[in-house]
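Chemist:
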Amino acid sequence: MMARVGPASDVADLRIRLRDLLIERAIKYGHFVLASGQTSSYFVDKTQITLMGEGLYCLTRVILDQLEGMNVDAVGGMTVGADPVAGAVAALSVCHGRPLDAFIVRKERNKRGTQQRVEGPLQSGARVVVLEDVITTGGSALAAVRAVEEERGAKVVEVLAMVDRLQGGREAVVEAGYDFTALFTVEDLGVEVE
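1237 is the number of the first residue of the sequence shown in the working numbering; add one for each residue after it.
1) Just confirm the distance between the C-beta atoms of residue 1363 and residue 1383, as a whole number of angstroms; I'd bet it's less than 8 angstroms.
2) Per the contact definition of three or more C-beta pairs closer than 8 angstroms, is the segment 1250-1265 in contact with the segment 1290-1309?
3) Kindly indicate the opening and closing residues of the beta strand (DSSP E) around residue 1275.
4) Rank 1428, 1368 and 1413 by C-alpha distance to the C-alpha of residue 1311 and give the top, closest one.
5) Measure the CB-CB distance between residue 1318 and residue 1370 and report whether it falls below 9 angstroms.
6) What residues in its chain sit with their C-beta under 6 angstroms from that of residue 1328, if we drop five residues either side in the sequence?
7) Could you please give the first and the last residue of the uninterrupted beta strand (DSSP E) stretch that includes residue 1318?
8) Measuring straight from C-alpha to C-alpha, what distance separates residue 1392 and residue 1350?
9) Run through DSSP, which three-state label would residue 1300 get?
10) Going by DSSP in three states, residue 1271 sits in which element: helix, strand or coil?
11) Let me know the secondary structure DSSP gives residue 1424 once reduced to three states.
12) Is it the case that the Cβ atoms of residue 1419 and residue 1263 are separated by a distance below 9 angstroms?
13) Within its chain, find whatever has a CB closer than 6 angstroms to the CB of residue 1314; leave out the 5 residues flanking it on each side and keep chain order.
14) On the criterion of 16 or more Cβ atoms from any shown chain inside 10 Å, does residue 1458 qualify as buried, or is it exposed?
15) Just confirm the distance between the C-beta atoms of residue 1404 and residue 1361, as a whole number of angstroms; I'd bet it's less than 8 angstroms.
16) So residue 1336 and residue 1326 are in contact, right, with Cβ under 8 angstroms, and what is the actual spacing, rounded?
17) According to DSSP, is residue 1325 helix, strand or coil?
18) Determine the direct distance from the alpha carbon of residue 1372 to that of residue 1397, and round the result to whole angstroms.
19) What number of angstroms, rounded off, separates the C-alpha of residue 1301 from the C-alpha of residue 1331?
20) Looking only at its own chain, which residues have a Cβ that is under 7 angstroms from the Cβ of residue 1250, when we skip the five neighbours before and after it?
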């Protein structure tokens, strides 16, 4: 069943629908190797949400609600995970009267064109939120943070994750000196933490 997604949609209802979609579509059980190199008996297949029209809409609205009142110029994170989310947040932010830019961070510097690691209209001094789809150890999020600070002179005001696996990512981000918010933990999604 698709959530009501018109302008009058209540963000609390969209958050509930997003959680339900994560549970129904994104949580997979089996044997998986994670980006961190760890193995796990479950996997959060974020593309089942971030590349699904309804899922991406719900996620984008919830993120925009989370950013309400924050002094932020842009959102983005590591490619490929943050790409659809950052683009959707930037696009929908225009409809909400507070346009944000998006950026992506490559794993390594591009060897063609501008030869940048950070792509997008990110200006020096911009205040940014680094988006993470699923955070485990925090390594990818912190790599994105370093890239935007070092290459573009941006100021990271928060790391925001769709799902926290509760495996040290939050602690790593906070220990590095950044605010951290997770929309959901795996426990919120009915997963028993390993």
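Even glycine gets a Cβ: it sits at the ideal position worked out from N, Cα and C.
Modeler: Let me spell this out:
1) Rounded, the Cβ-Cβ distance is 16 angstroms, inconsistent with contact.
2) The segment 1290-1309 and the segment 1250-1265 touch, with no fewer than 3 CB-CB distances between them shorter than 8 angstroms.
3) 1275-1280 is the span of the beta strand (DSSP E), which, as asked, contains residue 1275.
4) The shortest Cα separation from residue 1311 among 1428, 1368 and 1413 belongs to 1368.
5) Contact flag unset, no.
6) A distance below 6 angstroms between beta-carbons, with the five flanking residues on each side excluded, links residue 1328 to the following residues of its chain, in chain order: 1296.
7) Careful: residue 1318 lies outside any beta strand (DSSP E) and carries neither H nor E.
8) Their backbone Cα atoms lie some 23 angstroms apart in a straight line.
9) Three-state DSSP puts residue 1300 in a helix.
10) Three-state result, residue 1271: coil.
11) The answer is helix: DSSP assigns residue 1424 an H, G or I state.
12) No, Cβ-Cβ distance for residue 1419 and residue 1263 is not below 9 angstroms.
13) Excluding sequence neighbours, residue 1314 sits near 1341, 1376 and 1380.
14) There is simply no residue 1458 to check, as the chain begins at 1237 and stops at 1430 in what is shown.
15) Cβ-Cβ separation between residue 1404 and residue 1361: approximately 31 angstroms, too far for a contact (criterion under 8 angstroms).
16) With 8 angstroms as the limit, residue 1336 and residue 1326 qualify as a contact, their Cβ atoms being about 5 angstroms apart.
17) The answer is helix: DSSP assigns residue 1325 an H, G or I state.
18) So the alpha carbons of these two residues sit roughly 10 angstroms apart.
19) Between residue 1301 and residue 1331, the C-alpha separation is close to 13 angstroms.
20) Taking C-beta separations shorter than 7 angstroms and ignoring five residues to either side along the sequence, the partners of residue 1250 in its chain run 1239, 1294, 1297 and 1298, following chain order.
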